[in-house]
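Enquirer: My questions will all concern the structure given below.
Residue numbers (the numbering used here): 7 to 113.
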């Protein structure tokens, strides 16, 4: 379980670095867009899948997998697509599930 948590943490940090690189425009526009609009969500979806395996409350597992799927599928859709916003919905669901699981852990 520690190895999964460590991998999940490392992948989350890589995702944040991708987002930061895109925001701060460290690379050409194409690369920045690729990092912040695609790779960020792909790494977050992998992080959600790993986190689902270590959730304490089993009722949240399917919600975390759904969040990961929304992030991953949304990242692969064209950026101009109206439904590419599903990745943001997946991110929101994943963060809510993650925070809900933490509050249960502290009890």
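All C-beta atoms, glycine included, are put in the ideal place defined by N, C-alpha and C.
Who are the near neighbours of residue 25 in its chain, counting only those whose CB is closer than 7 Å to its CB and skipping five residues on each side?
Expert: Once the five neighbours on either side are set aside, the close Cβ partners of residue 25 are 42 and 46.
Enquirer: What residue range does the alpha helix (DSSP H) around residue 8 cover?
Expert: Counted as a single uninterrupted DSSP element, the alpha helix (DSSP H) harbouring residue 8 occupies residues 8 to 29.
Enquirer: Evaluate the contact criterion for the stretch 31 to 38 versus the stretch 73 to 82: three or more CB pairs, one atom per stretch, below 8 Å.
Expert: no
Enquirer: Is the beta carbon of residue 97 less than 8 Å from the beta carbon of residue 50?
Expert: yes
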